[in-house]
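Protein chains in written order, with my numbering: chain A, 1 to 228; chain B, 1001 to 1409. Just so you know, even glycine gets a beta-carbon here, dropped at the ideal spot from N, CA and C.
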Amino acid sequence: MFQLNNVTKAYECRGQTVNALNKTSLSIGDNEFIAVVGPSGSGKTTMLSLLGGMMAPTSGEVLFHGESLYDMSLVERTKLRLRSLGFVFQSFNLVSWLSAIENVQVPLSLAGESASAQQERASELLSRVGLSDRLNHLPSELSQGQQQRVALARTLANDPRIILADEPTGNLDPESREQVMNLLSEFHSEGRSVVMVTHDQFAAQHAHRSLSLVDGTIVDTPLATNAA
Amino acid sequence: MQLGNLIWKELWQRPTSLLTSLAAVALGVTALVAIQSITVFSEEKIAGDMRSLGANVLVLPPGVTLQDYYSADMHGQTMPEEYVTQLALARMSGVENLAPKLCVAAEVDSISVTLTGILPRSEFEAKTAWQGMSFLSNPVGTDRGCCAKPVTDTSGESDPTSLATQRTVQDLGKDELILGADIAVQLGAAVGDELTLLGDTFHVLTVLPPTGTIDDGRLFAHLHSVQRLSNSGPVVNVIEIMACCEDAAGGLITDLSRELPNTRIITIAQVVEAQIAVNGLMSRLSWVFFGILLLVAGASIASVMYANVAERRREIGTLMALGATPGYVTKMFLGKATILGIAGGGLGFVAGTILAMVLGPQLVGVSVLPMPSLCGVGIATATLIAVAASYLPARRAAALDPCLCFNDG
Ligand SMILES: Nc1ncnc2c1ncn2[C@@H]1O[C@H](COP(=O)(O)OP(=O)(O)OP(=O)(O)O)[C@@H](O)[C@H]1O
Ligand SMILES: [Mg+2]
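What follows is the structure, given as structure tokens:
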């Protein structure tokens, strides 16, 4: 599904060059559940951004279903993200002035769904993450765990085949963490691929393959014990 | 939920900045609409007045700056009443009637009023008869051939309400009072009532029909009563001359200046021209105000929008990560600007129209009606400015990167 060929990402900052990712090659298949682990500053978020079509590499190519992501136009890449990729953020990134159901409606609206279809799908997804009684609450009126579940419902809105998650449990208490990981496992078992950056051992245990990033270089570790 | 709903919801998140930019836009449109409305209606009214006015030449004390014909007699400067007799005896060609006036401030039941002294025609007749002439009861002047139909038809006129249209009355007793339509309502006075003015008792002879001029707010009494009660001596503020027609008034000016060198002689045409010139200037100035205020509004919108973009970096980055294209983000900001422009323009039109309708009658004595064409101009320009001012901020927003990591929060 994803293929990284010799990808390097260097940040230029005040005359200094930081190689966040170093000549990395990697292949991600269909329906994988991958945990990306590694110390802070090792390039995890950078890698996820490259996969998400949000940041062009300095050199090398990123293939998605055999097509080079960064040879597409910006708009094509954005449309691809809308249709095929779902994101989960460490700090949820809900729009603070939209209610739970409206936040879930955002990707549906971007995809041009009708208002009634949006309503229906969004409330269905919120029920799925156990928030059917919180449809009209603002993010500020929800707990952190509830906010991340709203974000997970939003991720599923356009039924993406791939979910990219950057420390989805980083800001959560143990109980919410478990809820979120169970949901991500569910999404995976429905046939989706999940690539998850995490510091959290507990979260990493849900994955079937682990990638360790150390100073921009990948060490691939299959976690056979967890494989389905 | 569509783009429109998103923009609308976001607008109400920051009501303060919203109101600031809205007020800035509305203010520019208000200034334009108010001044333009007043100017247009005042021009229409002047044109109408010019057609209906009986008096077409004014004789004023020297040094009076003429602002407005209607207040020309409220300047406080005076000239001897003798001038009236002098003019009457000069038997100038084209002079049909003379109306001297003296205005003083007075109070009725502690309401401030303007009392205008006028000289009834019977007074001239007595004077000219005494001088051994038959004058003013007959057509004035030696050759009346200047126009076929006299401007003022005074033949057999004895109705005191003729003051409203003809500028003169046939008879007025020393203790009689004529009320303008508005002041009669304000004082609650009717024909036959007694009013005390400057210590003397007058009774109301008649109430004039509304004329739409400053006369509606005035009280008229005999010139000599007003002179006596105000201790001003035998003086007047203005002599209105009804020339038999506009053409005659042209040649008349030279004769009048020769006869009364110590006065200022002005034709109504000049007054109207001056007023129209002032209006034209006001009208042009209103566009300058409009331009300046819109520039200020544009700057204010641009800064509010830049702040808005900075504030919403994370939100925009998230939306882009979720699949919002740069075009969508641009539309989000330009849509917001359009709403601000339309609302500001509409509010400005309403405020400006109300302002003109309130101030018009007070400042220049014209009643103003809403002008829909200004609504179009106001809204279109305001929207254009708001969108133009938001263009660069919108571009900046659209150029933001979709982002997974948000260091700023
Ligand atoms: N926008 C940027 N400009 C310059 N350098 C950057 C930028 N973003 C990241 N870096 C650098 O690139 C390297 C990798 O950053 P990245 O955010 O990918 O690390 P990470 O593994 O996600 O770290 P963490 O676990 O703390 O989130 C770091 O050394 C960082 O300083
Ligand atoms: Mg990171």
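How long is the line joining the alpha carbons of tryptophan 1012 of chain B and isoleucine 1339 of chain B, rounded to whole angstroms?
12 Å
With which residues is glycine 29 of chain A paired in a DSSP beta bridge?
Bridge partners of glycine 29 of chain A: none, in fact.
Proximity of leucine 50 of chain A and valine 62 of chain A at Cβ, strictly below 8 Å:
In this structure, the beta-carbon distance from leucine 50 of chain A to valine 62 of chain A falls below 8 Å.
What's the call for alanine 77 of chain A, buried or exposed, on a 16-neighbour Cβ count within 10 Å?
First, the residue type needs correcting, since residue 77 of chain A is arginine and not alanine in the sequence shown. Label assigned to arginine 77 of chain A: buried.
Applying the criterion that 16 or more other CB atoms from any shown protein chain within 10 Å of the CB defines a buried residue, is threonine 1206 of chain B buried or exposed?
Answer is buried; the Cβ neighbour count reaches 16.
Run through the stretch 164–194 of chain A for me and flag every whole alpha helix (DSSP H) of 4 or more residues, listed as ranges in chain order.
174–189
Sort B/Ser1300, B/Glu1081, B/Gly1365, B/Glu1082 by Cα distance to isoleucine 1385 of chain B and report the nearest one.
B/Ser1300
List, in order along the chain, the chain A residues whose C-beta lies closer than 8 Å to that of leucine 1322 of chain B?
Arg81, Leu82, Phe87, Val106, Pro107, Leu110, Arg154
Touching by the beta-carbon criterion (3+ pairs, under 8 Å), the stretch 1074–1089 of chain B and the stretch 1313–1331 of chain B
no
For glutamine 118 of chain A, which residues in chain B fall below 8 Å Cβ to Cβ?
Within 8 Å Cβ-Cβ: Met1001.
As assigned by DSSP and simplified to three states, the class of lysine 79 of chain A:
helix
Is isoleucine 1266 of chain B buried or exposed, if buried means 16 or more other CB atoms sit within 10 Å of its CB?
Around the CB of isoleucine 1266 of chain B, 16 or more other CB atoms lie within 10 Å, so the residue is classed as buried.
Per-residue DSSP class, three states only, for cysteine 1146 of chain B:
Residue placement at cysteine 1146 of chain B is poorly supported in this model, since its pLDDT is 41, which falls under 50; the coordinates still yield a value, given next. Here cysteine 1146 of chain B sits in coil by DSSP.
How about the stretch 1278–1293 of chain B and the stretch 1006–1023 of chain B: do they share at least three Cβ pairs that are nearer than 8 Å?
no
Which residues mark the beginning and the end of the alpha helix (DSSP H) in which aspartate 1175 of chain B is found?
Looking at the DSSP string, aspartate 1175 of chain B is not in any alpha helix (DSSP H), and its letter there is neither H nor E.
Beta carbon of cysteine 13 of chain A: closer than 7 Å to some heavy atom of ligand 1?
yes
Measuring CA to CA, which of B/Ala1337, B/Val1095, B/Ala1324 is closest to valine 1059 of chain B?
B/Val1095
Using CA atoms only, rank isn't needed, just tell me which of B/Glu1259, B/Cys1103, B/Met1001, B/Gly1378 is closest to asparagine 1237 of chain B.
Residue nearest to asparagine 1237 of chain B within the set B/Glu1259, B/Cys1103, B/Met1001, B/Gly1378 is B/Cys1103 (criterion: CA-CA distance).
So is leucine 69 of chain A buried or exposed if we call it buried at 16+ other beta carbons inside 10 Å?
buried
What residue range is occupied by the uninterrupted beta strand (DSSP E) comprising histidine 1222 of chain B?
1218–1222
Do we get a CB-CB distance below 8 Å when we pair asparagine 93 of chain A with the residues of chain B?
So, interface residue.
Cutoff 8 Å; reference alanine 1181 of chain B; Cβ partners in own chain excluding five residues on either side:
Counting only Cβ-Cβ distances below 8 Å, and skipping sequence neighbours, we find Val1207, Leu1208, Pro1209, Pro1210, Thr1211, Asp1216.
Who does serine 68 of chain A pair with in a DSSP beta bridge?
A/Leu63
Name the DSSP bridge partner or partners of methionine 1242 of chain B?
B/Asn1097
Need the endpoints of the alpha helix (DSSP H) that isoleucine 101 of chain A sits in, please.
100–110
Name, going along the chain, the residues of the stretch 1005–1021 of chain B whose beta-carbon falls closer than 9 Å to a beta-carbon of chain A.
Cβ contacts with chain A: Asn1005, Leu1006, Lys1009, Glu1010, Trp1012, Gln1013.
Assigned secondary structure, arginine 1228 of chain B (DSSP; H/G/I helix, E/B strand, else coil):
helix
Give every residue of the same chain whose Cβ lies closer than 7 Å to the Cβ of glycine 38 of chain A, excluding the five residues on either side of it in the sequence, and list them in chain order.
Lys44, Ser212, Leu213, Val214
Can you check which of these residues, B/Leu1219, B/Ala1302, B/Leu1400, is closest to valine 1191 of chain B by C-alpha distance?
B/Leu1219
Consult DSSP for glutamate 12 of chain A and reduce its assignment to one of helix, strand or coil.
Glutamate 12 of chain A: strand per DSSP, three-state reduction.
Sub-8 Å separation of proline 1393 of chain B and tyrosine 1306 of chain B beta-carbons:
yes
Taking CB distances under 8 Å as the criterion, tell me whether leucine 211 of chain A reaches chain C.
The question asks about chain C, but that chain is absent: this structure's protein chains are A and B.
Cross-chain neighbours of arginine 1314 of chain B in chain A, by beta carbon under 8 Å:
Asn93
What do you reckon, are the CB atoms on alanine 1398 of chain B and threonine 1330 of chain B nearer than 8 Å?
Contact annotation: alanine 1398 of chain B and threonine 1330 of chain B have beta-carbon atoms nearer than 8 Å.
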